[in-house]
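Visitor:
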Amino acid sequence: MQWIGAVIILTVTTLAGFDIASRYKQRPGHIRQWKNALQMIEAEMVYGQSSLWEVCESLARHLPRPISQFFEKIVQEQATCDDFSQLWSEQLKKHWSWNAMTKTELEILIQFGRTLGQHDLEQQQKQIQLTLHHLDRELHEALEAGEQYQKMARGMGILSGLLVIILII
1 MQWIGAVIIL TVTTLAGFDI ASRYKQRPGH IRQWKNALQM IEAEMVYGQS SLWEVCESLA
61 RHLPRPISQF FEKIVQEQAT CDDFSQLWSE QLKKHWSWNA MTKTELEILI QFGRTLGQHD
121 LEQQQKQIQL TLHHLDRELH EALEAGEQYQ KMARGMGILS GLLVIILII
């Protein structure tokens, strides 16, 4: 019976370590997806002269999950929306658990949402470029952290399981 418990403990802690490592691995990809979304917003608004709602519909169709779900929900809430920046913030917070990004990226995107649709096209383009710059910085940081912490998270999962087993036995 002790061996079964030991195997279960080791399995659970190992899976937890691998889950944490996978979040480090996914974070740069999710940041790249948001950068792509911002570039698409810029192209649609500045060059295509599309409305904010048309841009969101286009992004919901063209982006991969989980970001497309965010834009789908924004489009669904269009009829009841009084304040776009508030809707943007609410939906970001609701969908944030579906990605591997950190609070820093959340704050960057919430701040961007406050300016979205509030300025003329030239100022909007500058806001998009500023947000892209911030996301570039976070992407660089995510790549460094991913390399550093992925192996450590997997190893800590296995080692913590072994430690618990040793303490129990």
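According to full-length UniProt numbering, the residues represented by the sequence shown are 1 to 169, in order.
Just so you know, even glycine gets a beta-carbon here, dropped at the ideal spot from N, CA and C.
Taking the alpha-carbon positions, what's the methionine 156 to threonine 13 distance?
Guide: When rounded, the distance between both Cα atoms is 8 Å.
Visitor: Using the beta-carbon count (16 or more within 10 Å), is valine 55 buried or exposed?
Guide: By the neighbour-count rule (16 or more Cβ atoms within 10 Å), valine 55 is buried.
Visitor: Give me the Cα-Cα distance between glutamate 77 and methionine 40, rounded to the nearest whole angstrom.
Guide: Their backbone Cα atoms lie some 21 Å apart in a straight line.
Visitor: So, is proline 28 buried or exposed, given that buried needs 16 or more other C-beta atoms within 10 angstroms?
Guide: Buried, because 16 or more other Cβ atoms sit within 10 Å of the Cβ of proline 28.
Visitor: For the candidate residues Ser51, Ala145, Ile31, whose alpha-carbon lies nearest to that of leucine 116?
Guide: Selected option, being the one with the closest Cα: Ser51.
Visitor: Quick one: grab the DSSP three-state call for cysteine 81.
Guide: Three-state result, cysteine 81: coil.
Visitor: Which complete beta strand (DSSP E) runs does the segment 100-134 hold, if anything under 3 residues is left out?
Guide: Entirely contained in the segment 100-134, not one beta strand (DSSP E) run reaches 3 residues.
Visitor: Kindly indicate the opening and closing residues of the alpha helix (DSSP H) around glycine 48.
Guide: Segment: none, glycine 48 is in no alpha helix (DSSP H) and carries neither H nor E.
Visitor: Apart from the five residues just before and just after leucine 130, which ones in its own chain have a Cβ nearer than 7 Å to its Cβ?
Guide: Contacts found: none.
Visitor: Assuming isoleucine 74 is part of the alpha helix (DSSP H), what are its boundary residues?
Guide: 67-76 is the extent of the alpha helix (DSSP H) around isoleucine 74.
Visitor: Closest to lysine 25 by CA distance: which of Leu167, Leu163, Ala142 is it?
Guide: The residue with the shortest Cα to Cα distance from lysine 25 is Ala142.
Visitor: Going by other Cβ atoms of all chains shown within 10 Å of its Cβ, with 16 needed for buried, is glycine 17 buried or exposed?
Guide: Glycine 17 comes out buried.
Visitor: Please say whether arginine 114 and alanine 21 have beta carbons closer to each other than 7 Å?
Guide: It is not a contact, given that the beta carbons lie outside the stated cut-off.
Visitor: So for isoleucine 166, helix, strand or coil by DSSP?
Guide: Isoleucine 166: helix per DSSP, three-state reduction.
Visitor: Can you list, in chain order, the residues of its chain whose CB lies under 8 Å from that of proline 64, leaving out five sequence neighbours each side?
Guide: Counting only Cβ-Cβ distances below 8 Å, and skipping sequence neighbours, we find Gln33.
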